[in-house]
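Here's the structure we're looking at; comments come further down.
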Amino acid sequence: MTTTVVYEARKILTMNPGKPTATHVAVRDGRILAVGSLDEVQAWGAAEIDRTFSDKVLMPGLIEGHAHVYEGMVWNNIYTGSYDRRDPDGKVWTGLGTIDQIVGRLAEACGKLDDPEQPLIGWGFDPLFVDRRMVASDLDKVSTTRPVFIYHASLHIINVNSFVLERAGVTLDTDSEFILRDEAGKITGELAGHVGRYLLYKSVGSGEFAVPGNTPESVRRYAKSAQMAGVTTVTDLNNDLLQPTVDSYVKVTAEDDFPVRLMPAMRGTAQREDPVGYLRSLTELNSDRLRFGLVKMTVDGSIQGFTARLRWPGYFNGRPNGLWYTPPEEIKRVLGAFHEAGFQVHIHTNGDEATEAAIEAIEAVQIEKPRPDHRHTLQHCQMADAAQFRRMAKLGACVNLFSNHIYYWGDAHYSLTMGPDRAERMDAVASAMRCGVPVAIHSDAPITPLGPLFTAWCAVNRRTSSGRVLGASECISVDEALHAITLGAAYTLKMEGEVGSIEVGKYADFAVLEDDPTEVAPEALKDVRVWGTVLGGRIFANPRVLP
Amino acid sequence: MTRIPLTIIGGFLGSGKTTLLNRMLRGSAGRRIAVLVNDFGDINIDAELITGHEGSTISLSNGCICCSIGDSLVEALVEVVRMTPPPEHIVIEASGVAEPQNIAEIARLDPGLRLSGILVMADAERVKELAGDKFVGDTVRHQLCAADMILLSKVDRVLEERKADLHAWLRNAIGVKRIVETVHGAVPMDVLFDTDFEEPGAGATVAHHDHHDHHAHDDQFETWAFVSDQEFDGGKLGELLGSLPAGVLRAKGFLRTQQKPGQTGILHLVGGHWEIAWHAAPAGTPAIRLVLIAVKGTLDREALQKRFACALAD
Ligand SMILES: [Zn+2]
Chain A
1184 MTTTVVYEAR
1194 KILTMNPGKP
1204 TATHVAVRDG
1214 RILAVGSLDE
1224 VQAWGAAEID
1234 RTFSDKVLMP
1244 GLIEGHAHVY
1254 EGMVWNNIYT
1264 GSYDRRDPDG
1274 KVWTGLGTID
1284 QIVGRLAEAC
1294 GKLDDPEQPL
1304 IGWGFDPLFV
1314 DRRMVASDLD
1324 KVSTTRPVFI
1334 YHASLHIINV
1344 NSFVLERAGV
1354 TLDTDSEFIL
1364 RDEAGKITGE
1374 LAGHVGRYLL
1384 YKSVGSGEFA
1394 VPGNTPESVR
1404 RYAKSAQMAG
1414 VTTVTDLNND
1424 LLQPTVDSYV
1434 KVTAEDDFPV
1444 RLMPAMRGTA
1454 QREDPVGYLR
1464 SLTELNSDRL
1474 RFGLVKMTVD
1484 GSIQGFTARL
1494 RWPGYFNGRP
1504 NGLWYTPPEE
1514 IKRVLGAFHE
1524 AGFQVHIHTN
1534 GDEATEAAIE
1544 AIEAVQIEKP
1554 RPDHRHTLQH
1564 CQMADAAQFR
1574 RMAKLGACVN
1584 LFSNHIYYWG
1594 DAHYSLTMGP
1604 DRAERMDAVA
1614 SAMRCGVPVA
1624 IHSDAPITPL
1634 GPLFTAWCAV
1644 NRRTSSGRVL
1654 GASECISVDE
1664 ALHAITLGAA
1674 YTLKMEGEVG
1684 SIEVGKYADF
1694 AVLEDDPTEV
1704 APEALKDVRV
1714 WGTVLGGRIF
1724 ANPRVLP
Chain B
17 MTRIPLTIIG
27 GFLGSGKTTL
37 LNRMLRGSAG
47 RRIAVLVNDF
57 GDINIDAELI
67 TGHEGSTISL
77 SNGCICCSIG
87 DSLVEALVEV
97 VRMTPPPEHI
107 VIEASGVAEP
117 QNIAEIARLD
127 PGLRLSGILV
137 MADAERVKEL
147 AGDKFVGDTV
157 RHQLCAADMI
167 LLSKVDRVLE
177 ERKADLHAWL
187 RNAIGVKRIV
197 ETVHGAVPMD
207 VLFDTDFEEP
217 GAGATVAHHD
227 HHDHHAHDDQ
237 FETWAFVSDQ
247 EFDGGKLGEL
257 LGSLPAGVLR
267 AKGFLRTQQK
277 PGQTGILHLV
287 GGHWEIAWHA
297 APAGTPAIRL
307 VLIAVKGTLD
317 REALQKRFAC
327 ALAD
């Protein structure tokens, strides 16, 4: 005999326009049986009433349509960013505003390392928000006998200590645009781009410092990170999906206490004999918490790394145009193969020229093999203009915009990369909606913190970290933003029939909130507290950790 | 420390890089080459040649290995460089959209590596059109400009007239002077590699080990040697090497200068850049032996003889 549980809540925001709010939701077999008042849901017969959420607000479980499992791995290293950031265990790491503070945190971590050879690695460092430039001698205060290095938030530059410089063979007269110098011409210990990564990897041993990718532990931590943010469906939006990864995913998602539905996207250009056949075989492993079938492709690089492909007039500061990561004709070919096989492809484009190429590729495959409702989705798509959005709408494409960028890099885009005009229409959610493109918004965690409510706040307020409002005409309402992080995101994953709203028949996936996002001031949306989640009727309370 | 020579094979998608790499792997002439490729699938290695396949590396019975680059060229390259014993030569297949000079920067900065040339393949049928493409035109042009030499592939598929036009366009519009034609990836080993100069005299002529193809390539190249028992003046030699005729593909050999007594230098010159590796050695006979390989018709032997002789120390 199956049991029915009725959850009572202060308020239920269903995201179903037919019944926008309710107080009770009945759950049976992990699915939503009824939504409404207590009387209404009890019409289904005897039920156990659970009052855990009587003073909470329920929303559909939030959906992160673009994040990466690396979010579960970065926390093995030391957070050195300038914003407060919560780790998967619920601990809040305070943002650090000075180099001395960063050195202090690293030194403390260094003291806890047993192996004298083990590198000490920091991540999330953003040079824009600290008191001065970090140099090698700062990190020498952490250690002179082991490699110490810090990844910048942009991932483009790495700060290293003198130990690494020496091992890499970098001397005072090493001359390269990839080895940065200060105004006085002194080497700073900042290594740039792939050349910098090569020098680092060679001197510390490639792979030896990295946590093995996609281990069960990393996947569990990733899921915890998602849960902390109220997320119940999360992607891992670019993975080669080699056998060990697949094994991890299958194993971990089958564990009773795994708190999310995981949707990995296979890197479409990963080398294998029969990519389409391989993906098809993976879908046989699908379960209610693991869904293979998405494909990811990458057209260009990043705007802040100056590797995105821009149309005229190019970069605001005159930097040369960026790089094609996959040439347009290859995009077309690979997209065509997956398109024909019925798979949905997510295409990373940052610059507007890359977006143009992706649109042309979709158009070409649609003409060749018309396919209704393919929902190929442009990911990031940060510089698209109205004309591009209109073409996307006509072609049946979706977009997942990178709203968090407005806060974290908006000022840099305004003054450095795009200039005022294009910065003000970056991640143009309002334009996309006006043009009829289905929209989601995302964090790209770990590039920025995983947190759809924060991402929604970005799309609503469009405030940069300095406080500038970047393009007020692209701001959207709170309701629109909440739609983007639930049904909107679900739509871009072809999951809106199963998740994204609290409606009969869907999975009983809820975000459990302390505050009502529709009642707090729009400026406070990011501060809405997440109590935990419910996945398939199972409650996952967030750990309560004091900072 | 001996620096491992590193060759970069650039060029857009479909320009014939794989064909060339296949040939290099098969015709390695005893060198233990490590070839880093983007896709194993394209590389056609005869099954009987393969002695092992482990993860992203295939070992061949001739001592060569072939590694798949996978997601990260940087990581794949570090792995190869750290192998024991290290390979004698590394060849990287740059991805179709890579800017080869960025990879070359790695070879320039790593004291364990030496750039042995950026060879950029250009498909005779498509390159001009690609260089004007609205999306990838600038990428293709950057690749061509970065080349120490351009390997113009599939020349058998275009008319003579078109070929002449291509040469003129590459020279004038793109600004490259060193163009080598190839069919089915056939390029003489002495043009591809520069590692044959440990023994005085070896490699003084264009080697013939790769000529079983139906196209003879000897008519594309000419060589010229400079031999002397004297020493160069270091300064004059530098000036000379920086101003060789534009058609010189490679210069290699050994030499001595007045400024480095008791040392013999091994010269490696490709395209516009060169370096000399010095090691202590008593003067042999001859003291200098250098060989130039150039595009046919670009060497004025008499003038060269005069210029090289002028660079000798008084
Ligand atoms: Zn991403």
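These protein sequences, in sequence, are chains A and B. Under the working numbering, the first residue of the first sequence is numbered 1184, with each subsequent residue one higher. Under the working numbering, the first residue of the second sequence is numbered 17, with each subsequent residue one higher. Beta carbons are placed, not taken as given, at the ideal position from N, Cα and C, and that holds for glycine. The structure displayed is predicted, hence computed values, not measured ones.
Asked                                                                                                                                      : Found
Proximity test, Cβ basis, 9 angstroms: residue 81 of chain B and chain A                                                                   : no
Residue environment, residue 188 of chain B, which counts as buried when at least 16 other CB atoms sit within 10 Å                        : exposed
Touching by the beta-carbon criterion (3+ pairs, under 8 angstroms), the stretch 1493-1504 of chain A and the stretch 1597-1605 of chain A : yes
Under 8 angstroms from the C-beta of residue 1513 of chain A: neighbouring residues of chain B                                             : 29, 112
Residue 1508 of chain A, enclosing beta strand (DSSP E) - first and last residue                                                           : Segment: none, residue 1508 of chain A is in no beta strand (DSSP E) and carries neither H nor E.
Contained beta strand (DSSP E) runs [length at least 3] in the stretch 1549-1604 of chain A, N- to C-terminal order                        : 1560-1563, 1581-1584
Residues sharing a beta bridge with residue 1447 of chain A, DSSP                                                                          : A:1419
Residue 1638 of chain A burial status per 10 Å Cβ neighbour count (16 or more: buried)                                                     : buried
Beta carbon proximity, residue 102 of chain B to chain A, threshold 9 angstroms                                                            : no
Three-state class that DSSP yields for residue 1644 of chain A in the structure shown                                                      : helix
Integer-rounded CB distance, given that residue 1419 of chain A should sit under 8 angstroms from residue 1251 of chain A                  : 6 angstroms
Limits of the beta strand (DSSP E) - the one that residue 250 of chain B falls within                                                      : From DSSP, residue 250 of chain B is part of no beta strand (DSSP E) but of the alpha helix (DSSP H) over 250-257.
is_contact[residue 1479 of chain A, chain B] using C-beta, thresh 9 angstroms                                                              : no
Contact the stretch 1693-1706 of chain A vs the stretch 68-75 of chain B: 3+ CB pairs below 8 angstroms                                    : no
Element boundaries [beta strand (DSSP E), containing residue 165 of chain B]                                                               : 165-169
CB contact flag (residue 19 of chain B, residue 241 of chain B, <9 angstroms)                                                              : no
CB contact flag (residue 1652 of chain A, residue 1708 of chain A, <9 angstroms)                                                           : no
Beta-ladder partner(s) of residue 1715 of chain A, from DSSP                                                                               : A:1695, A:1724
CB contact check: residue 1447 of chain A to chain B, cutoff 9 angstroms                                                                   : no
Identified DSSP bridge partners for residue 1276 of chain A                                                                                : A:1268
Identified DSSP bridge partners for residue 270 of chain B                                                                                 : B:282, B:305
Closer than 9 angstroms to chain B by CB, residue 1538 of chain A                                                                          : no
Distance between residue 1428 of chain A and residue 1142 of chain A (C-alpha atoms, nearest Å)                                            : Residue 1142 of chain A lies beyond the range of chain A shown here (1184 to 1730); nothing can be said about it.
Within-9 angstroms CB hit, residue 115 of chain B to chain A                                                                               : yes
Interface partners of residue 1352 of chain A on chain B, CB under 9 angstroms                                                             : 125, 126, 127, 128
Simplified DSSP assignment, three categories, for residue 1407 of chain A                                                                  : helix
Near ligand 1: residue 1420 of chain A beta-carbon under 8 angstroms from a heavy atom                                                     : yes
Contact the stretch 1352-1362 of chain A vs the stretch 1409-1416 of chain A: 3+ CB pairs below 8 angstroms                                : no
Distance cut-off 8 angstroms: residue 1610 of chain A Cβ against heavy atoms of ligand 1                                                   : no
With 16 other Cβ atoms within 10 Å as the buried cut-off, status of residue 34 of chain B                                                  : buried
Length of the line joining the Cα atoms of residue 1553 of chain A and residue 1532 of chain A                                             : 23 angstroms
Pick from A:1580, A:1676, A:1299, A:1683 that is closest to residue 1618 of chain A, judged by C-alpha positions                           : A:1580
Residue 1487 of chain A: CB within 8 angstroms of a non-hydrogen atom of ligand 1                                                          : no
Positions along the stretch 1356-1382 of chain A whose CB lies within less than 7 angstroms of some CB in chain B                          : 1357, 1359, 1361, 1377, 1378, 1380, 1381, 1382
Residue 84 of chain B - containing beta strand (DSSP E), residue span                                                                      : 81-84
Positions along the stretch 1490-1515 of chain A whose CB lies within less than 9 angstroms of some CB in chain B                          : 1492, 1503, 1504, 1506, 1507, 1508, 1509, 1510, 1511, 1512, 1513
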